[in-house]
Structure formats: structure tokens, C-alpha cells
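Undergrad: Numbering of the sequence shown is given in the numbering used here, commencing with residue 1 and proceeding in unit increments. Quick reminder that beta carbons are idealized off the backbone N, C-alpha and C, glycines included. Sharing a structure here in C-alpha cells format.
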Amino acid sequence: MNVFALISLVAFMVCFFLGNFIYHKNPKSRLNTIIALTCIFVGFLAFIEFEYRHAETFQTAFFWLKISTLWPIVPSLLLHVSLIFTKSSYLKNKLTYLLMYLPGIAISAVGLTTDLLISGASKEYWGWTYIVPTNVTLYNIMSLWTVVAVVLAGGICFAYYLKSYDLKKKQAKYILAGLYIPFFISLATDFMLPIVFLRVPELTMTTMTMGITLMSYGIWKYKFPALTPAIAADSIVSTMSNFFFLLDDDLLIVKVNQATMDLLGVVDSELVDKPLNTVFAEDQKSLFKKNPFNGDKKSITNIETMFKAKNGQLIPVFLSLSQIEIDNSQTLGIVCIGNDITDIKLAENKIKASLEEKGLLLQEIHHRVKNNLQIISSLLSLQSKYVKDEEDLELFRESQSRVRSMAFIHEQLYQSSDFTNIEFGTYVKNLINYLSYSYSIDSSYINFNLDIDDVSLDINTAIPCGLIINELVTNSLKYAFPADNCGKSSGTILNEICIYLHSYKEDKFILVISDNGVGLPESTDFKNSNTLGLLLVNSLVDQLEGSIELDRTNGTRFRLIFNKLDYKN
């Protein structure tokens, strides 16, 4: 067998293997799919090259050579690969696909049905090859299309290479090599030399196989893992600066992160399967001899305590604990997240001498508490993806909403120059935006009407007031506007939730939260309800030394009068 024909046959087998390999590595990836299709198509053309190179007769060789005029589709595929790899926004436009594939398909169609691309076959020492027609117009158009498409594909990848990092940069390097190495070789052997009647063995299929091999290798070697909640949670835990313990229901350590090991000067094998109280100072070990929640269903418990490092150093820490429950009665484990507060403790010794230091300390506390609450909220969100029961899932969502409502207050406080008071109007807008996003509210379906005085509340007043707004607005979003009872008419929004906050006398406020929905059932006694949300609202009203009234006319309207509590140092 002709050795050049054998090379084409090997290229065919390699391409088909690579196509199957890269596709089955990630069938859901558009990039893997288009590269696999390119491999199969180039492999098909390599098989055609094998057939015409070792053909016995002119007629057989010419038949296979005519089929080889499908080549102009290959540059279209390479351009498509580059656009998918770089996540180009042009792919959202259907015109892009027309401009990308129409030239190649049109040239191939004319080449198949006429002799304007290949006019005949000649026998050379490497086997049969094509004869360039006397009228080289279509041949030159094909050459120009190939150059434009490949240069454009390479340019797109090169621009992406310059601005990308890490795995994507390495992938781009291999795709660039896979595009340009075959391009320059085939440009010489298949296009330039035949025009001046200097013929050498065509190496396009062989070099394209090499190029596709480079692309496939780059995609396979530097592939990205599928993003899952488990991977995201593990990444958060591994990289966060807070120390982290995951405990089982026997209070044995299941997992720690690098920040924990750095803080205590140990390796994970010295902590895993050990009781949590082994890391506490001697006078603090009693804290964790039993479950710190003691049956209490609070989602978060905060403890300030003292760790003892391996070298004997005592480290003051602020610890936040949250239970992981699989139902309302069984605890699966406990998440412990916290910070080394050594610096804060040192600052406390000087706080009386400097108001500026006091401000910095308060800012740091609010910042860290906000971070803790956000991490717990993220972990609740990730854990909820594994909850199948709808009621349990709703409990996760409600807990996350309460945590976020408190986190917003701490976030505003640490970003403010006044660490004791919060601009409540801004806070309510942020909270409403979060609830709208959380419950996927369409602004054309429910309108929020906010009428809030320019008031500042201290943290003792803002947190319970914010939680009340969170609970009542959440109830309205969930129950006030059932799909079969609400809608839009004549372009006017019918569904509305109103929040009013106004000053009332000295150090008193009126808060009104209303909706024009279906209203609470007459049988519901909101002051003696056994639902967690209304129980929490009544408890918080008492904390604010206030009173609350319910008006069921035209929906639901809660009117709350409360006092501005004194800030406690």
C-alpha cells in the first residue's frame, strides 16, 4: 500500500478516536460537541483522501476527489470552535451561523456539481491528486475563505488568550497551536504551490489531525470540573479566612479547614474524630461536653470563648454555631464558624482612651458578624439543594431570609461612619430587593410602595424592626396573591404591598405594612397564632415596647406603634 495513503488512513482512525473520546468526556459541553464534530468531519475527509490516493483507476480517484470538495466546511467548524471557546456573544445572533457556514457550504456545493474547483485527477508518486482548473476563480475564493476563517478564528482565540488566566489561558494556547500549525502547512502544500504548478504531497489532513489532537489534549488536560453545590461549598470552606469545624451529632470533629489548622498549629489528622472541646482552654472545656443548643431550635448561637493552640498559646475567638437538621426532631450535625478575636481583645484594652479606636473596633465587629451571617446563609442555601421535602425546604428559605435581614443591618453599619445608627430607609429598600429576588417577584405582578421618613435607628431598634418587616412582607409575598386570584388589567398593577414608617411623637414611630391581597382568614387570631412567623412578630413587638393592630379591610394591614430604644454601650 502507498505509504502516503496509509498516513491518511491513520489520520482517519485518529480523528474518529479523538472525536469519540472528547465527546464522551463531557457530552453536555457545547465546546466538546463541536470539537468532536470537527474531528469526525476531518476524519471523514482523511478517509476520502485515503481512498483517492490508492485508487486503481482514474474514474475511482476522480469520484473520491469530487467528494473531497467538502473541505471548505472545515474552516467554518474551526471558526465555530473559537466562538464557543471564547463564549462570544455573537453566537446569540442567528445571522452569525449563516455568515459562518454559508460560504463553506456554497463553495462545496459548486465544487461537487461543477469542475470549477477540481477539473481532474493526476497520478503522482504519492498517489492520485487533484488538478487545479484553468479558471482558478472558485479555487482562489476557496483559498481566501480558508485564510479569512482560520485567521479570524485564531485572532479571536489570541485576543482571548491575552486577557484570560489559569486553565482558560492554557486551553487557548493549545487551540491556537491547533489552528495555526495546520493552517500554515496546508496553505503551502494545498493552495500556494499548486497555483505555481509545483506539486508536493498534500498534508492538510495529516496536519489537521495534529491540530485537532492539540485542541483535544488542551480541552481534556485543562478541563473544568462540573460546578455542583458540594464543590462550591467545599471551595468556600477551604478558602475562607474564618476557621471552620463540621461536627457530627456526637460533637466529634468531621472536617476542618486550612484556617483552623493555621490558627491552632496542627494538621487535620490531629483534630478529625476528636471532641470539639479538645481545642478549648482548660476553663472552657465544659462548654461542649454536651450539645450547646440543648434542644433549642435557634438557627444560630454565638459564643465568645478561648482556644488553646498546640504550642500552648491561648487564642480568644468568636464562634457562631448553626445546627444541620434533617427534620424538626433530629440533628444531623453542627457547623461552627468563627474568627480569631485576639486583635479585638487587645483593642478593647485601649478603647476607653480613644473614641477612634472604639469606632474601628465596632466597624470590625459589624464586618465580621456580617461575614459570619453571610457564610451561614450561603451554607443554608447550599444545604437546601439536598432537601427534597417542600416544607423542610421552606424552613431553610425562611431561616436564610432572617439571617440575611440581620446581615444587611451589620453591613450598613460597618460601611457607615456612624456605627450606632442606621439609615432605615436604605435598609428597607435593600431588604425588599433581596426578598423580591429570593421569591422571584416580577415587578409587573407585585408593586412595592415605600413611604419612609428620613430616620436613623440604632441597632437595638433596627434589628427587631427589620425582622418584623421581613416576616410580614414574606407572608404577603407567599399568601396574599395566589395565582388564581390576581392579575394585571389595562396595564395597571393591581397587586401592591405598602410599607410606611413615620415619626410619631417623641421617640415613637408608626410602621404600617399592608397589601391588597386576599387577606387573613377571619378565623386567624394573629396574636395567638402558632406559626413561627407571627409568633416572632409578636415577640419582637414586645421587645420594641410597642403595640400592633390588624385591619382586614381590603386585604391585610398591620399597624405598629413602637418606641425608639436607647442604645446600650
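Would you identify the three-state DSSP class for residue 215, choosing helix, strand or coil?
TA: Looking at residue 215 - three-state DSSP - the assignment turns out to be helix.
Undergrad: Could you tell me if residue 235 is buried or exposed, where buried requires 16 or more neighbouring beta carbons within 10 angstroms of its beta carbon?
TA: With fewer than 16 other Cβ atoms within 10 Å, it is exposed.
Undergrad: Could you name the residues of the same chain whose beta carbon sits closer than 6 Å to that of residue 201, not counting the 5 residues immediately before and after it, in chain order?
TA: Result list for residue 201: 4, 126, in chain order.
Undergrad: Return the chain-ordered list of same chain residues with a C-beta closer than 7 Å to the C-beta of residue 305, the five sequence neighbours on each side being excluded.
TA: The answer, listed in chain order, is 280, 284, 287, 317, 319.
Undergrad: Pick from 147, 119, 144, 142: whose alpha carbon is nearest that of residue 134?
TA: Nearest of 147, 119, 144, 142 to residue 134, Cα basis: 119.
Undergrad: Go through the region 526-564 residue by residue and report every complete run of the alpha helix (DSSP H) that reaches 4 residues or more, in order.
TA: Listed in chain order, the complete alpha helix (DSSP H) runs (minimum 4 residues) inside the region 526-564 are 532-543.
Undergrad: DSSP puts residue 128 in a beta bridge; with which residues?
TA: Looking at the DSSP assignment, residue 128 forms a beta bridge with 123.
Undergrad: Roughly how many whole angstroms lie between the Cα atoms of residue 110 and residue 443?
TA: Taking the straight line joining both Cα atoms gives about 54 Å.
Undergrad: Let me know the secondary structure DSSP gives residue 80 once reduced to three states.
TA: Of the three classes helix, strand and coil, the one that applies to residue 80 here is helix, per DSSP.
Undergrad: So, at 7 Å on beta carbons, what are the nonlocal neighbours of residue 453 in its own chain, with the 5 sequence-adjacent residues on each side left out?
TA: Once the five neighbours on either side are set aside, the close Cβ partners of residue 453 are 501, 502, 503.
Undergrad: Does the structure place the region 9-16 close enough to the region 204-222 that three or more beta carbon pairs sit under 8 Å?
TA: Touching, yes, given that three or more Cβ pairs across the two stretches are closer than 8 Å.
Undergrad: Taking the beta carbon of residue 574 as the centre, do at least 16 other beta carbons fall within 10 Å, making it buried, or is it exposed?
TA: No answer is possible for residue 574: it lies beyond the span of the chain, which begins at 1 and ends at 569.
Undergrad: Given this structure, state the Cα-to-Cα distance separating residue 52 from residue 144, to the nearest angstrom.
TA: Cα to Cα, the separation comes out at about 25 Å.
Undergrad: Just verifying my parser: in three-state terms, what is the DSSP assignment at residue 301?
TA: Here residue 301 sits in strand by DSSP.
Undergrad: Quick one: what does DSSP say residue 481 is sitting in, helix, strand or coil?
TA: Coil at residue 481, not helix or strand.
Undergrad: So who's on the other strand from residue 499, going by DSSP bridges?
TA: Bridge partners of residue 499: 450, 513.
Undergrad: I'd like to know whether the C-beta atoms of residue 41 and residue 74 end up nearer to each other than 8 Å.
TA: In contact: residue 41 and residue 74 (Cβ atoms closer than 8 Å).
Undergrad: I'd like to know whether the C-beta atoms of residue 244 and residue 337 end up nearer to each other than 8 Å.
TA: It is a contact, given that the beta carbons lie within the stated cut-off.
Undergrad: Are the region 434-443 and the region 459-467 touching, with three or more C-beta to C-beta distances below 8 Å?
TA: Because the criterion of three Cβ pairs below 8 Å is not met, the region 434-443 and the region 459-467 do not touch.
Undergrad: Checking the sheet assignment: what are the DSSP bridge partners for residue 157?
TA: Its beta-bridge partners do not exist; DSSP assigns none.
Undergrad: Starting from residue 306, follow its DSSP beta bridges and name the residues at the other end.
TA: 316, per the DSSP bridge assignment.
Undergrad: May I ask you to list the residues that DSSP assigns as paired with residue 256?
TA: Paired residues: 245.
Undergrad: Taking residue 3 as part of the alpha helix (DSSP H), name the residues at either end of that continuous run.
TA: Its alpha helix (DSSP H) spans residues 3-25.
Undergrad: Please work out which residues of its chain come closer than 7 Å, Cβ to Cβ, to residue 519, disregarding the five sequence neighbours upstream and downstream, and give them in chain order.
TA: Cβ within range, chain order: 552, 555, 556.
Undergrad: Can you tell me whether DSSP reads residue 339 as helix, strand or coil?
TA: Residue 339 falls in the strand class under three-state DSSP.
Undergrad: What did DSSP end up calling residue 421 once you bin it into helix, strand or coil?
TA: In the structure shown, residue 421 sits in a strand (DSSP, three-state: E or B).
Undergrad: In chain order, what residues of the same chain have a beta carbon less than 7 Å from the beta carbon of residue 108, not counting five sequence neighbours either side?
TA: Excluding residues within five positions, the ones whose Cβ falls inside 7 Å are 69, 70, 72, 73.
Undergrad: Name the one or two DSSP bridge partners that residue 322 has.
TA: Bridge partners of residue 322: 335.
Undergrad: With which residues is residue 280 paired in a DSSP beta bridge?
TA: 307, per the DSSP bridge assignment.
Undergrad: Taking 8 Å as the threshold, find out whether the region 506-520 comes into contact with the region 558-565 through three or more Cβ pairs.
TA: Segments in contact, yes.
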